[in-house]
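Visitor:
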Amino acid sequence: MSVDGAFDRRKDQSPAITAVNGNINGNGVTLSSAPTFCLSLNPNKEHKPDNYDDLALEYDPMLFTCLERYLPPSLLSSSRDSKLHFMRDILLKYSPEGERIRAQKHREYRQKIISNYQPLHKELYSMHATNFFVPSFLKAIHDNTEESFRSIMSEPAPGIFTFDILQPQFCDLLLKEVENIEKWVCDTKCKIMRPNTMNNYGAVLDDFGMETMLHKLMEDFVRPISKVFFPEVVFYPEVGGSSLISHHGFVVQYGIHKDIDLGFHVDDAEVTLNVCLGQEFSGGELFFRGVRCEKHVNTETQAEESLDYSHVPGRAILHRGRHRHGARATTQGRRVNLILWCRSAVFRELKKYQTDFSSWCGECQREKKVRQQLSISAVKEELLKKEGESTS
Ligand SMILES: [Fe+2]
Ligand SMILES: [Zn+2]
1 MSVDGAFDRR KDQSPAITAV NGNINGNGVT LSSAPTFCLS LNPNKEHKPD
51 NYDDLALEYD PMLFTCLERY LPPSLLSSSR DSKLHFMRDI LLKYSPEGER
101 IRAQKHREYR QKIISNYQPL HKELYSMHAT NFFVPSFLKA IHDNTEESFR
151 SIMSEPAPGI FTFDILQPQF CDLLLKEVEN IEKWVCDTKC KIMRPNTMNN
201 YGAVLDDFGM ETMLHKLMED FVRPISKVFF PEVVFYPEVG GSSLISHHGF
251 VVQYGIHKDI DLGFHVDDAE VTLNVCLGQE FSGGELFFRG VRCEKHVNTE
301 TQAEESLDYS HVPGRAILHR GRHRHGARAT TQGRRVNLIL WCRSAVFREL
351 KKYQTDFSSW CGECQREKKV RQQLSISAVK EELLKKEGES TS
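Per this note's numbering, the sequence shown starts with residue 1, numbered consecutively.
Structure (structure tokens):
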């Protein structure tokens with residue numbers, strides 16, 4: 001028997017984590033480090049950047065908005081076009097050729113779907129917060145304090161938050177839209193990219209035209225909560241929140257003739273929002289086994305890190321992407337979940353230069369505690385020795 005409920009892989013049927021569940025087209029976060037000889041080291045906080053949302057660009061428009069504050073002072077007041085030109089040149093220089101081609105292909109793929117697919121419920125494609133969310137969630141976001149978030153949330157294990165978020169009508173409409181997507185894929189025999197490397201069913205909603213709405217969901221709803229509960233991933237809010245900059249939004253489907261379960265893994269995300277849309281199902285519980293950095297991804301689970309969570313339609317579970325988890329078999333019916341992976345390029349870049357992740361990795365935290373205890377004992381021993389010497 002494992003000590004203190006420590007993670008027993010045989011019991012959980014969870015092999016060691018060998019890969020991160022990522023999206024297939026690999027269009028995740030790519031941070032192109034800008035050459036320091038032309039960008040300022042510090043952002044100009046007074047400068048109000050332009051908006052690039054209306055342009056079809058190789059990178060997330062938000063990246064340009066954020067980068068703009070780092071432009072050399074002489075460029076800050078020039079036209080949007082020349083700023084864009086300058087920033088694109090920098091970014092392209094640091095983005096590998098293969099990745100650029102892949103991004104271009106993916107844009108074409110998405111364009112093809114969007115120009116052919118007829119949405120069933122157009123009202124889902126732009127953010128209508130009062131129609132989408134339950135009032136308690138809206139109020140908490142409006143108040144925007146730790147207290148207001150805590151008042152609607154449970155934290156069944158450290159760093160895992162669950163709360164009611166979606167109205168039943170919204171879940172219903174989105175389920176119907178997903179069915180419509182499935183039908184379209186089947187009728188047109190269109191080969192769509194599945195949501196990630198582990199799910200074979202479901203669809204990337206961003207590819208079907210929901211990117212803007214889901215981006216808003218991340219920016220206006222997930223980011224404020226993450227700022228409070230996952231502070232290490234939300235940087236520089238005073239300069240416009242340059243992190244949690246991109247997202248990957250998709251639905252997954254479980255049941256007979258769909259995916260049955262999902263192996264033990266970490267997500268290719270800094271923060272994951274997972275909302276059950278319905279419908280009738282048995283099983284499908286999520287199991288969590290603590291947050292780990294890359295180095296510690298296969299270390300043991302402490303008893304307090306172990307959590308099983310049963311989905312409730314309309315209810316969200318929010319956790320760090322590095323929170324190790326998996327999904328048990330959906331044994332009956334059909335389960336559809338909306339998942340939003342939120343990513344921070346800044347966090348990923350900074351992580352490369354750090355070795356201690358004790359602010360979020362459970363194992364780094366444990367190691368740090370052991371080191372501190374050892375040094376306290378050493379000091380104590382030293383003091384006792386000195387005391388003994390002076391009294392003798
Ligand atoms: Fe996951
Ligand atoms: Zn660690």
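Backbone N, C-alpha and C define an ideal beta-carbon position, used for all residues, glycine too.
Because the structure is a prediction, the values reported are computed rather than measured.
1. Verify the contact flag: His121, CB atom, against every heavy atom of ligand 1, threshold strictly below 7 Å.
2. I want to know whether the stretch 224 to 235 touches the stretch 166 to 178 - three or more CB-CB distances under 8 Å.
3. Consider the C-beta atom of His323 and the heavy atoms of ligand 2; say whether any pair is separated by less than 7 Å.
4. Looking only at its own chain, which residues have a Cβ that is under 8 Å from the Cβ of Tyr117, when we skip the five neighbours before and after it?
5. How far does the alpha helix (DSSP H) with Arg223 in it extend, from its first residue to its last?
6. Looking at the strands, I want to know which residues DSSP matches up with Cys342.
7. Nearest-angstrom Cα distance between Thr272 and Gly321?
8. List the residues that DSSP assigns as beta-bridge partners of Ala203.
9. Since Ser246 contacts Arg343 with CB under 8 Å, what's their CB separation in whole angstroms?
10. Rounded to a whole number of angstroms, what is the C-alpha to C-alpha distance between Pro96 and His106?
11. Looking at C-alpha atoms only, which residue of Glu300, Thr330 and Lys295 is the closest neighbour of His311?
12. If contacts are defined as beta-carbon pairs under 8 Å, then Met87 and Leu55 qualify, I think. What distance do you get, rounded to the angstrom?
13. When DSSP labels each residue in this structure, what does Cys276 get in the three-state scheme?
14. What are the boundary residues of the beta strand (DSSP E) that includes Leu318?
15. Let me make sure I understand the geometry here. Which of Asn51, Gly362 and Ala327 has the alpha-carbon closest to that of Ala303?
16. Inspect the CB distances between the stretch 281 to 297 and the stretch 247 to 265 and report whether three or more fall short of 8 Å.
17. In its own chain, which residues sit with a C-beta less than 8 Å from the C-beta of Gln279, not counting the 5 before and 5 after it?
18. Taking the straight line between their C-alpha atoms, what separation do you get for Val297 and Pro158?
19. DSSP state of Asp220, grouped into three classes?
20. If the criterion is Cβ atoms closer than 8 Å, does the pair Leu76 and Asn51 meet it?
21. Can you have a look at Gln104 and say buried or exposed, based on whether 16 or more other CB atoms are within 10 angstroms of its CB?
22. Need the endpoints of the alpha helix (DSSP H) that Val379 sits in, please.
23. Straight-line CA distance for Ser78 to His85?
24. Considering only their Cβ atoms, is the gap separating Cys364 from Cys293 smaller than 8 Å?
25. Starting from Ile160 and walking both ways along the beta strand (DSSP E), at which residues does that stretch end?
26. Going by DSSP in three states, Val29 sits in which element: helix, strand or coil?
27. Using DSSP bridges, identify the partner residues of His265.
28. Assuming contact is defined by CB atoms lying nearer than 8 Å, are Met198 and Asn21 in contact in what I supplied?
29. Is Glu445 near ligand 2, going by C-beta to nearest heavy atom under 7 Å?
30. At which residues does the alpha helix (DSSP H) containing Phe149 begin and terminate?
31. When the distance is taken between beta carbons, is Val204 closer than 8 Å to Met193?
32. The alpha helix (DSSP H) that contains Asp89, what's its start and end?
33. From Leu318 to Glu387, what does the alpha carbon distance come to, in whole angstroms?
34. Pick from Phe357, Val252 and Val291: whose alpha carbon is nearest that of Cys276?
35. Please tell me whether, using a cut-off of 7 Å, the distance from the CB of Lys295 to the nearest non-hydrogen atom of ligand 4 is below it.
36. In angstroms, rounded to a whole number, what distance separates the CA positions of Glu211 and Thr145?
Guide: For this structure:
1. As a position in the sequence shown, residue 121 is number 121, starting the count at 1. Flag unset: Cβ of His121 not near ligand 1.
2. no
3. In the sequence shown, counting from the first residue as 1, residue 323 sits at position 323. No - ligand 2 has no heavy atom lying nearer than 7 Å to the Cβ of His323.
4. To locate residue 117, count along the sequence shown from 1; it is residue 117. Around Tyr117: Ile181, Trp184, Phe208 and Gly209.
5. Counting from 1 along the sequence shown, the entry for residue 223 is found at position 223. Looking at the DSSP string, the run of the alpha helix (DSSP H) that includes Arg223 is Arg223 to Phe229.
6. The residue labelled residue 342 in the question sits at position 342 within the sequence shown. Answer is His247 and Val271.
7. As a first step, residue 272 is located in the sequence shown; it is residue number 272 there, counting from the start. As a first step, residue 321 is located in the sequence shown; it is residue number 321 there, counting from the start. Looking at the two C-alpha atoms, the distance is approximately 6 Å.
8. Here the question's residue 203 lines up with position 203 in the sequence shown. Ala203 pairs with Val251.
9. In the sequence shown, counting from the first residue as 1, residue 246 sits at position 246. In the sequence shown, counting from the first residue as 1, residue 343 sits at position 343. Indeed, because the Cβ distance is near 5 Å, the residues count as touching under 8 Å.
10. Taking the sequence shown and counting its residues from 1, one reaches residue 96 at position 96. Taking the sequence shown and counting its residues from 1, one reaches residue 106 at position 106. Straight-line Cα distance between these residues: approximately 16 Å.
11. Here residue 311 refers to the residue found at position 311 of the sequence shown. The candidate whose alpha carbon is nearest that of His311 is Thr330.
12. Here residue 87 is taken as the residue at index 87 of the sequence shown, counted from 1. Here residue 55 is taken as the residue at index 55 of the sequence shown, counted from 1. 12 Å between Cβ atoms; not a contact.
13. Sequence index remark: in the sequence shown, residue 276 carries index 276 (1-based). DSSP places Cys276 in strand when its eight states are reduced to three.
14. To locate residue 318, count along the sequence shown from 1; it is residue 318. Leu318 -> beta strand (DSSP E) spans Arg315 to Arg320.
15. Position 303 of the sequence shown, counted from the start, is the residue given in the question as residue 303. Minimum Cα distance to Ala303 is reached at Gly362.
16. yes
17. Translated into positions along the sequence shown, residue 279 becomes position 279. Leu175, Pro313, Gly333, Arg334, Arg335 and Val336, listed in sequence order.
18. By 1-based counting over the sequence shown, the position of residue 297 is 297. By 1-based counting over the sequence shown, the position of residue 158 is 158. Cα to Cα, the separation comes out at about 17 Å.
19. As a first step, residue 220 must be located in the sequence shown, where it is residue number 220. Asp220: helix per DSSP, three-state reduction.
20. To locate residue 76, count along the sequence shown from 1; it is residue 76. To locate residue 51, count along the sequence shown from 1; it is residue 51. Against a cut-off of 8 Å, the Cβ pair of Asn51 and Leu76 comes out as no contact.
21. Position 104 of the sequence shown, counted from the first residue, corresponds to residue 104. Per the 10 Å Cβ criterion, exposed.
22. What you label residue 379 is simply residue 379 of the sequence shown in a count that begins at 1. Counting along the chain, the alpha helix (DSSP H) containing Val379 begins and ends at Gly362 to Thr391.
23. To locate residue 78, count along the sequence shown from 1; it is residue 78. To locate residue 85, count along the sequence shown from 1; it is residue 85. Each residue's alpha carbon lies about 11 Å from the other.
24. Translated into the one-based positions of the sequence shown, residue 293 becomes position 293. Translated into the one-based positions of the sequence shown, residue 364 becomes position 364. Yes.
25. Numbered from its first residue, the sequence shown carries residue 160 at position 160. Note, Ile160: beta strand (DSSP E), Ile160 to Asp164.
26. Looking up residue 29 in the sequence shown gives position 29. Note that Val29 scores 40 on pLDDT, short of 50, meaning its location in the model is unreliable and no value can be drawn from it.
27. Within the sequence shown, residue 265 is the residue found at index 265, counting from 1. According to DSSP, His265 bridges with His325.
28. Position 198 of the sequence shown holds residue 198. Position 21 of the sequence shown holds residue 21. The answer is yes: Cβ separation under 8 Å.
29. Absent from the structure is residue 445, since the part of the chain shown begins at 1 and ends at 392.
30. The residue labelled residue 149 in the question sits at position 149 within the sequence shown. Note, Phe149: alpha helix (DSSP H), Glu146 to Ile152.
31. Mapped onto the sequence shown, residue 193 falls at position 193. Mapped onto the sequence shown, residue 204 falls at position 204. In contact: Met193 and Val204 (Cβ atoms closer than 8 Å).
32. Residue numbering aside, residue 89 sits at position 89 when the sequence shown is read from its first letter. Start and end: Arg80 to Lys93.
33. By 1-based counting over the sequence shown, the position of residue 318 is 318. By 1-based counting over the sequence shown, the position of residue 387 is 387. For Leu318 and Glu387, the distance between alpha carbons rounds to 52 Å.
34. Against the sequence shown, residue 276 aligns to sequence position 276. That would be Val252, whose Cα lies nearest to the Cα of Cys276.
35. Within the structure as shown, ligand 4 is missing, the only ligands being ligand 1 and ligand 2.
36. For the purposes of this step, residue 211 is taken as the residue at position 211 of the sequence shown. For the purposes of this step, residue 145 is taken as the residue at position 145 of the sequence shown. If you take the alpha carbons of Glu211 and Thr145, they lie about 27 Å apart.
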